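Chains as they are written, first to last, in my numbering: chain A, 1 to 312; chain B, 313 to 624. Here is the structure we will look at, set down as structure tokens.
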């Protein structure tokens with residue numbers, strides 16, 4: 001696929017607020033890419049670590065402002081900042097409807113919700129890794145009121161650090177992560193708690209399938225509880241869908257689960273697409289399981305799953 | 313802990329029937345340890361591979377006979393063999409009550425059910441690995457009618473290849489593996505199938521927790537279905553215990569699951585014990601989550617979890 005020439009526009013400066021694992025990694029990756037990058041954190045140690053990676057430290061933020069602090073402290077973090085009036089504001093939270101409700105009224109069409117699907121069980125600035133976003137999906141919210149030019153500015157930041165951008169609405173995002181994040185954590189918790197009740201013999205015999213199936217509930221319980229309770233409606237609906245599956249006959253359930261798992265993610269199974277820069281087309285790309293990999297002048301390039309004739 | 317002298321008895325010869333991943337690995341490990349070892353398989357390629365590792369190929373079996381063939385073909389496999397009248401017969405199947413029902417009437421107190429808790433997603437003789445059993449738990453059934461001397465002969469085979477022996481009854485074993493093997497497979501299937509219904513967007517965003525939680529349902533569906541349907545009663549009861557956990561309030565469920573997962577398996581958290589050679593004491597060791605690591609003259613040595621004062 002050949003691209004027609006793209007008019008070069010200066011990349012806007014980026015300000016990252018919260019220099020923990022996600023924010024610190026993003027700032028470090030952008031600094032390494034030669035971007036104009038500033039950052040802020042309430043923790044002096046996090047500021048020092050970022051400064052050592054080439055991040056300018058200031059609480060006066062503008063350009064694309066990435067809020068990489070937990071939702072409960074978002075308001076307090078904003079009180080500490082001077083935000084440029086024309087700044088585009090994004091965030092990296094795991095749930096998007098509540099953040100939209102919190103920041104939408106304040107920033108209007110300047111707010112673009114985001115969620116990079118990466119991060120590890122480690123946290124804090126010591127877990128900074130500039131390659132954290134390479135190949136990761138980065139969900140980016142396109143609401144009816146979103147300014148598409150601002151959405152593209154944030155998308156370019158995600159693309160610049162090696163991520164692929166998945167256009168979504170906040171509600172679609174929260175439904176999807178309920179199924180693939182909240183519910184796996186709940187199932188892991190139930191599996192571990194039930195096996196403990198089965199007694200020490202069961203735990204002593206526990207091998208690979210049990211360890212794999214319970215690994216994620218080793219995470220911080222407060223984080224997991226917030227992940228579920230902050231997304232309560234979609235999580236309850238997704239859990240009901242799992243309960244319904246568990247009522248199927250065993251052979252049928254096993255066959256359906258095996259087919260779904262096997263179909264999952266052959267990263268080579270992609271078909272390149274070019275999508276015009278409008279909201280319905282971009283959202284259709286996300287709903288098809290595809291992602292944006294590059295911006296052109298009036299299009300974005302990306303991919304959808306499969307080699308068949310599906311057209312995003 | 314010092315052991316008093318153990319009278320040296322000649323280790324009985326071992327015959328392994330079925331030279332796939334489990335049987336082939338066991339035969340190879342015993343050959344490498346210098347034990348007198350023979351083997352048989354209906355597949356000439358499996359026989360040739362075992363012979364190359366020092367295994368004598370014959371269908372006349374005796375000493376400790378390890379049946380390492382799937383339950384559905386067990387009867388046919390036995391028809392091909394000449395079994396010495398005084399042979400001790402064991403097996404390596406994933407479920408123990410049905411095998412006891414199949415082999416108990418035929419071999420009486422000469423049958424000792426076993427289940428090494430290892431093996432990978434690979435199978436067949438090409439997956440042979442003499443170190444497969446190192447550090448693995450090997451459940452070994454002590455029924456009311458089991459001949460304890462024969463149980464010890466099989467236990468010594470397991471210990472000789474680096475496994476730790478967990479004394480269990482067949483019914484206790486099947487209840488335990490329902491909780492830590494059948495149910496994790498069912499939950500993985502339900503999670504994958506439900507996420508697929510949530511659509512391509514959800515699958516495209518799926519990251520670590522979903523991949524971990526669904527990994528085991530990548531296994532052969534026929535194997536998984538047999539694992540559940542062959543253990544239907546205990547599996548249904550274990551699944552009901554998981555359903556009951558899922559009805560708890562989120563924060564309570566997450567805390568309980570996190571505590572159970574975190575308590576799981578610090579391998580260093582062991583207290584050495586010496587257990588007399590009688591059925592109640594050995595079964596108490598297994599129920600406490602412990603295992604046998606060595607046979608002494610009138611005792612076995614082993615461990616139970618924890619540094620506290622629990623006495624197996």
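Where is the CB? At the ideal position from N, CA and C, for every residue including glycine. Remember, predicted model here, so these are calculated numbers, not experimental data.
Legend entry - Contained beta strand (DSSP E) runs [length at least 3] in the region 361-426 of chain B, N- to C-terminal order: 376-379, 400-403
Legend entry - Members of the region 562-574 of chain B that neighbour chain A once the beta carbon cut-off is set at 9 Å: 562, 563, 565, 566, 567, 568, 569, 570, 571, 572, 573, 574
Legend entry - Exposure of residue 134 of chain A, with buried meaning 16 or more beta-carbon neighbours within 10 Å: exposed
Inset, instruction - Give a yes or no on whether the minimum CB-CB distance between residue 605 of chain B and chain A is below 8 Å. - result: no
Inset, instruction - Please go through the same chain and pick out, in chain order, the residues whose beta-carbon is closer than 7 Å to the beta-carbon of residue 424 of chain B, but skip the five residues on each side of it. - result: 400, 402, 452, 453, 458, 462, 463, 466
Legend entry - Proximity winner among B:381, B:565, B:568, B:327, relative to residue 395 of chain B (alpha-carbon distances): B:327
Inset, instruction - Determine the DSSP secondary structure at residue 527 of chain B, reduced to helix, strand or coil. - result: helix
Inset, instruction - Could you list which residues in chain A have their beta carbon closer than 7 Å to that of residue 533 of chain B, in chain order? - result: 254, 255, 258
Inset, instruction - List the whole-angstrom C-beta distance separating residue 331 of chain B from residue 427 of chain B, where the pair is believed to meet the contact cut-off of C-beta under 8 Å. - result: Not quite, the Cβ-Cβ distance comes to about 18 Å (not below 8 Å), so this is no contact.
Legend entry - chain A contact residues for residue 383 of chain B, given Cβ-Cβ distances below 7 Å: Result: empty, since nearest Cβ-Cβ is about 17 Å, beyond 7 Å.
Inset, instruction - Specify, as a first and last residue, the run of the beta strand (DSSP E) that residue 271 of chain A falls within. - result: 270-276
Legend entry - C-beta neighbour in chain B for residue 185 of chain A, strict 8 Å: yes
Inset, instruction - With 9 Å as the limit, tell me which residues of the region 510-523 of chain B have their beta carbon closer than that to any beta carbon of chain A; keep them in chain order. - result: 510, 511, 512, 513, 514, 515, 516, 517, 518, 519, 520, 521, 522, 523
Inset, instruction - Using the Cα positions of residue 543 of chain B and residue 382 of chain B, report the straight-line distance between them to the nearest angstrom. - result: 15 Å
Legend entry - Short CB-CB distance (under 8 Å) between residue 586 of chain B and chain A: no
Inset, instruction - Can you say whether residue 385 of chain B is buried or exposed, counting buried as having 16 or more other CB atoms within 10 angstroms of its CB? - result: exposed
Inset, instruction - Indicate whether residue 374 of chain B and residue 325 of chain B have their beta-carbon atoms separated by less than 8 Å. - result: yes
Legend entry - Cβ-Cβ distance between residue 503 of chain B and residue 205 of chain A below 8 Å: no
Legend entry - Nearest to residue 240 of chain A (by Cα), restricted to the options B:334, B:344, B:509, B:342: B:509
Inset, instruction - Measure the C-alpha to C-alpha separation of residue 109 of chain A and residue 65 of chain A and round it to an integer number of angstroms. - result: 14 Å
Legend entry - Cross-strand partners of residue 452 of chain B (DSSP beta bridge): B:426, B:479
Inset, instruction - Compare the beta carbon distance of residue 38 of chain A and residue 21 of chain A with 8 Å and say whether it is the shorter of the two. - result: no
Legend entry - Cutoff 8 Å: residue 624 of chain B Cβ touching any chain A Cβ: Per-residue confidence for residue 624 of chain B stands at a pLDDT of 43, beneath the threshold of 50, marking its modelled position as unreliable; the derived number appears in the next sentence. Not one chain A Cβ lies under 8 Å of residue 624 of chain B.
Inset, instruction - Output, in chain order, the set of chain B residues within a Cβ distance shorter than 7 Å of residue 225 of chain A. - result: 562, 563, 566
Inset, instruction - Measuring alpha carbon to alpha carbon, tell me which of A:216, A:77, A:32 ends up nearest residue 521 of chain B. - result: A:216
Inset, instruction - Quick one: list the residues of chain B neighbouring residue 264 of chain A, beta-carbon separation under 7 Å, in chain order. - result: 515, 518
Legend entry - Cβ-based contacts, 8 Å cut-off: residues of the region 17-29 of chain A near chain B: none
Legend entry - Counterpart residues of residue 299 of chain A in DSSP-defined beta bridges: A:276
Inset, instruction - Give the residues of chain A in contact with residue 483 of chain B, contact being defined as C-beta atoms less than 8 Å apart. - result: Going along chain A, no residue has its Cβ under 8 Å from residue 483 of chain B, so there is no contact; the nearest lies around 11 Å.
Inset, instruction - Mind checking which residues open and close the beta strand (DSSP E) that includes residue 42 of chain A? - result: Note, residue 42 of chain A: premise wrong, no beta strand (DSSP E); not H, not E.
Legend entry - Cβ neighbour criterion (16 or more within 10 Å) applied to residue 249 of chain A: exposed
Inset, instruction - Check whether the Cβ of residue 229 of chain A lies closer than 8 Å to any Cβ atom in chain B. - result: yes
Legend entry - Own chain residues within Cβ distance below 7 Å of residue 5 of chain A, not counting five before or after: Annotation note: pLDDT 46 at residue 5 of chain A (below 50); position unreliable, coordinate value reported separately. There are no such residues.
Legend entry - Euclidean distance between Cα positions of residue 311 of chain A and residue 298 of chain A: For residue 311 of chain A, the predicted structure reports a pLDDT of 46, less than 50, and the residue's modelled location is therefore unreliable. A value from the coordinates is still provided. In a straight line, the C-alpha of residue 311 of chain A is about 18 Å away from that of residue 298 of chain A.
Inset, instruction - Using 10 angstroms around the beta-carbon of residue 372 of chain B, count the other beta-carbons present and answer buried if the total reaches 16, otherwise exposed. - result: exposed
Legend entry - Residue burial classification, residue 345 of chain B (beta-carbon count within 10 angstroms, cutoff 16): exposed
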